[in-house]
Amino acid sequence: MRRSRIGMIGTKLLIFSIIIVLIPIVMMSYVSTDTISDLMTSNQESELDINLGILNERMDSVLVEFDTMTAYTADLPVVVNAVKNNDKDTLQDFAKGLEDQSWIDLAVFTDADGNVICASYGDDNAEISSYVKKLLEKNTIYAYDILPNEEASKYSEYELDGNDALTIFTVAPIYDGNSLIGTVTYVDIMNKDDYWVDRVKEVTGDEASIYLNNVRISTTCIKDGVDFVGELADEDIYETVSKKQDVRSTVTINGVPYLAKYSPIYNIDGEVIGMTCVGTPKSPFTALLNSVIQKIFFIAFSSLIIAVFVAVILNKKIVDSIKKLKNSAESFGRGNYDERASIDTGDELEELAESFNKMADEIGKSDKKLKSDAHTLKTSFDELKEVDNLKSEILSIVSHELRTPLTAILGYVELLKDETAGKLSEKQKEFISVISENSDRLKRITDNMSDLVTVDNKILDIKRDKINLKKEVNDILRSFDYFAESKNIVLLEDVDNLDIKGDTSKIHQVLSNLIENAIKFSKKQTKVTVMGFEDKGNIHLEITDQGPGIPKEHLGKIFDKFYQIDSSSKREVGGSGLGLAVCKKIVESHGGSIWVESKIGKGTTVHVMFPLIK
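Note that the sequence shown covers residues 8 to 621 in the working numbering.
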């Protein structure tokens, strides 16, 4: 069955190569993009800090200018004398002239307690007086604060649109010698123009705004010729700023996203009364980031194409070498032992091919040797087969030729035993008994020889009768009573009432042979036990004697034809070496099995298993 393309090693190597290339590219792209993004964000924040610094510098410069002006005014003799003499007209003219010549919205002169003597806009300045007193109490020369709309409208020509005014107060004490005789205060309303924020636009081109509370009062943001004054700041942003925290946020101005920074403005009591805001467009940074990302993707894509190209070439070289090795292996597997792999890559694949060729050399040599050995074995087998056939033929002839005269001998022996031909003396009876026993032995040998030939030629005729093993064993044991008594051997039977299907005469032959052997090889005054029981769907027979035992090295050979353990000792009790071989063939022809267990000096147990009839 042909495998899918994904299962082939070339495809796997290609995919692996692409993955190896992609991993560093992806990691580099991620790290580069992330680093550049962080760097750009840092640059944007630095830009915001610069813008905020410019705005604060402009506001600080105005404060310094106001401080200088108030200090200069407080030292003028004309002012000192006018305050000392409570000369309202002189002070009024001076304040009016100062207000006309500068962008100060209000000039106020007070006595030493902060009570207004006169101002550039009338004398009803109770609100201004309270601010001056607060500045004096806190020993502060300038501060930001809020003037209510109705109060601020008195001093400014700028349209406040109902809004309160964010103002700068500067105050300078007026001394006559070492005595404090009054103060001079200048007030500027920050709502009136964009002087404060224009500096940011001039220097960096970015946007700036000033808020009174959350209302924009000054800004560089303009759309269609209209500025964004009066717009409200985001509630969440102002809520955070009112907690005296700077805020960075993204806002949209004229449809363009800006990164903005908000910073609080405090009054003399440290309360947040407004905020400054600077913003720089995100588009230049975004465009730069997109450009970098595009270049990274271009480099990544180019690297991937190159990597794929190189991987295809390398993979082809590897796969071609593997295919050569595969083809050589397949040819070798079909029996072409002269096949060799020719790979010249200078790497592990070449080493693998060399190892394959060495293996092929060894297998080729082994194959030739095996063929030679197989030929020798076949010749030996044929010779042995011929010898075995000859032996079987001899056995068949011998058993057949012996059976006829042996039958006549046994018949005449029986006639002699019956004294048909006349009375026999005791000595003659003894001789006749010896002749009878040896004739019986010879008959068993010829029968075994005949059975062995029949089994070897696979012409054993097995009848299938129902046989009760308990009855069969008892009948056989009774037939050996005289033999057992002659050796003072006790025969014991413990066989369950079980049935098998088999050839009665063959089963009788097997059991007789095994029981006779047990008695024959047992020592005098011992026991021979026959047990039978059900064992996992089979009938298990055990025939146990108390003879000398069989050495372990002989156990696997005792069922071989003509095999005898010790010829000299065997001859004492007789035996041809055919009985067990015939027994094994008969048991196996009944679907059973037979084996032997033995311990030297303790005895031997023969195990026979037959299928059970349920």
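Think of the CB as a built atom: it goes at the ideal place given N, C-alpha and C, for glycine as much as any other residue.
None of the values given here were measured: they were computed from a predicted structure.
**Q.** Among E242, P264, G262 and D112, nearest to V254 - alpha-carbon criterion
**A.** Locating residue 254 in the sequence shown gives position 247, where the first residue counts as 1. Here the closest residue by C-alpha is E242.
Q | Strand pairing of Y269, partner residues [DSSP] | A | Residue 269 sits at position 262 when you count from the first residue of the sequence shown. Y269 pairs with V254 and C284.
Q: Determine the extent of the beta strand (DSSP E) in which R223 is found, giving its start and end residues.
A: The residue labelled residue 223 in the question sits at position 216 within the sequence shown. That run of the beta strand (DSSP E) goes V222 to T226.
Q. If we ignore side chains and look at the alpha-carbon of each, how far apart do A360 and S328 end up?
A. For the purposes of this step, residue 360 is identified with residue 353 of the sequence shown, where counting begins at 1. For the purposes of this step, residue 328 is identified with residue 321 of the sequence shown, where counting begins at 1. Rounded to whole angstroms, A360 to S328 spans 9 Å at the Cα level.
Q. With distances taken from CA atoms, which of S270, P291 and A307 is nearest I30?
A. Indexing the sequence shown from 1 puts residue 30 at position 23. Checked all of S270, P291 and A307; the closest Cα to I30 is A307.
Q.
Counting C-beta neighbours from all protein chains within 10 Å, is the total for W203 16 or more, i.e. buried, or is it exposed?
A. By one-based count along the sequence shown, residue 203 stands at place 196. W203 is buried by the Cβ-count criterion.
Q) Name the DSSP beta bridge partners of A172, please? A) In the sequence shown, residue 172 corresponds to position 165, counting from 1. Paired residues: L154.
Q) So what does DSSP say about G60, is it helix, strand or coil? A) For the purposes of this step, residue 60 is taken as the residue at position 53 of the sequence shown. Correct three-state label for G60: helix.
**Q.** Three-state secondary structure assigned by DSSP to H547
**A.** The residue labelled residue 547 in the question sits at position 540 within the sequence shown. Note: H547 maps to strand in three-state DSSP.
Q. What is the residue span of the beta strand (DSSP E) that P618 lies within?
A. Counted from its first residue, the sequence shown places residue 618 at position 611. G610 to P618 is the span of the beta strand (DSSP E), which, as asked, contains P618.
Q: Report buried or exposed for K591, applying the criterion of at least 16 other Cβ atoms within 10 angstroms of its Cβ.
A: Stepping through the sequence shown from its first residue, residue 591 is reached at position 584. Buried.
Q.
On the DSSP letters alone, give me the boundaries of the alpha helix (DSSP H) that G104 sits inside.
A. Mapped onto the sequence shown, residue 104 falls at position 97. Counting along the chain, the alpha helix (DSSP H) containing G104 begins and ends at K95 to Q108.
Q: Kindly indicate which three-state DSSP category A126 falls into: helix, strand or coil?
A: Taking the first residue of the sequence shown as position 1, residue 126 is located at position 119. If DSSP states are grouped into helix, strand and coil, A126 belongs with the strands.
Q: May I ask you to check if the CB of K230 is nearer than 6 Å to at least one heavy atom of the ligand MN?
A: Looking at this structure, you won't find the ligand MN or any other ligand, since it has none at all.
**Q.** Contact belief for T77 with Y193 at Cβ below 8 Å, rounded distance in angstroms
**A.** Mapped onto the sequence shown, residue 77 falls at position 70. Mapped onto the sequence shown, residue 193 falls at position 186. Indeed, because the Cβ distance is near 5 Å, the residues count as touching under 8 Å.
Q. Between the region 113-121 and the region 137-145, are three or more C-beta pairs nearer than 8 Å?
A. yes
Q.
What would DSSP say about R578, mapped onto helix, strand or coil?
A. Your numbering for residue 578 matches position 571 in the sequence shown. Summary for R578: the model assigns pLDDT 43, below 50, so the residue's position carries little reliability; its value from the coordinates is reported in the next sentence. In the structure shown, R578 sits in a helix (DSSP, three-state: H, G or I).
Q: Count the other CB atoms, across all protein chains shown, that sit within 10 Å of the CB of S349; report buried if there are 16 or more and exposed otherwise.
A: In the sequence shown, counting from the first residue as 1, residue 349 sits at position 342. It is exposed - the Cβ of S349 has fewer than 16 other Cβ atoms within 10 Å.
Q. Would you report the Cα separation of D200 and F304, rounded to the nearest angstrom?
A. For the purposes of this step, residue 200 is identified with residue 193 of the sequence shown, where counting begins at 1. For the purposes of this step, residue 304 is identified with residue 297 of the sequence shown, where counting begins at 1. Cα to Cα, the separation comes out at about 49 Å.
Q: Measuring alpha carbon to alpha carbon, tell me which of G598, A267, F617 and Q51 ends up nearest T293.
A: For the purposes of this step, residue 293 is taken as residue 286 along the sequence shown, with counting starting at 1. The candidate whose alpha carbon is nearest that of T293 is Q51.
**Q.** Closest Cα partner of F23 within the set A314, I61 and K324
**A.** Numbered from 1 along the sequence shown, position 16 holds the residue referred to as residue 23. Closest option to F23, Cα to Cα, is A314.
Q | Between the CA atoms of I32 and E278 - distance to the nearest angstrom | A | As a working note, residue 278 is residue 271 in the sequence shown. As a working note, residue 32 is residue 25 in the sequence shown. Cα-Cα distance, rounded: 53 Å.
Q.
Restricting to Cα atoms, I'd like to know which of F617, I593 and T536 is closest to G610.
A. Locating residue 610 in the sequence shown gives position 603, counting from the first residue. It is T536.
Q) Does DSSP put T48 in a helix, in a strand, or in coil? A) In the sequence shown, residue 48 corresponds to position 41, counting from 1. T48 falls in the helix class under three-state DSSP.
Q: Check the DSSP bridge columns for V535 and list the partner residues they point to.
A: Taking the first residue of the sequence shown as position 1, residue 535 is located at position 528. DSSP output for V535 lists L498 as bridge partner(s).
Q) Under the three-state reduction of DSSP, which class applies to V317: helix, strand or coil? A) Translated into the one-based positions of the sequence shown, residue 317 becomes position 310. Three-state DSSP puts V317 in a helix.
Q. Looking at the structure shown, is S583 part of a helix, part of a strand, or coil, going by DSSP?
A. As a position in the sequence shown, residue 583 is number 576, starting the count at 1. The predicted position of S583 is uncertain, since its pLDDT is 48 and thus under 50; no value can be drawn from it.
Q) Going by alpha carbons, who is nearest to G104 out of P558, K513, Y128 and E246? A) By 1-based counting over the sequence shown, the position of residue 104 is 97. Closest option to G104, Cα to Cα, is Y128.
**Q.** Option nearest T551 by Cα separation, candidates V603, D503, V589 and N92
**A.** As a first step, residue 551 must be located in the sequence shown, where it is residue number 544. Closest by alpha carbon: V603.
Q) Helix, strand or coil: how does DSSP classify G599 here? A) Your numbering for residue 599 matches position 592 in the sequence shown. Here G599 sits in coil by DSSP.
(Q) Once DSSP output is grouped into helix, strand and coil, what is the label at S373? (A) Translated into the one-based positions of the sequence shown, residue 373 becomes position 366. It is helical.
Q.
Can you list, in chain order, the residues of its chain with a C-beta nearer than 8 Å to that of I1? Leave out the 5 residues immediately preceding and following it.
A. Shown here, the chain extends from 8 to 621; a query on residue 1 therefore has no answer.
(Q) DSSP three-state label for E426, please. (A) The sequence position of residue 426 within the sequence shown is 419, counting from 1. Here E426 sits in coil by DSSP.
Q: Give me the Cα-Cα distance between S596 and D567, rounded to the nearest whole angstrom.
A: Numbered from its first residue, the sequence shown carries residue 596 at position 589. Numbered from its first residue, the sequence shown carries residue 567 at position 560. Rounded to whole angstroms, S596 to D567 spans 16 Å at the Cα level.
Q) Helix, strand or coil for L558 per DSSP? A) Residue numbering aside, residue 558 sits at position 551 when the sequence shown is read from its first letter. Checking the sequence, you will find Pro at residue 558 rather than Leu. Coil at P558, not helix or strand.
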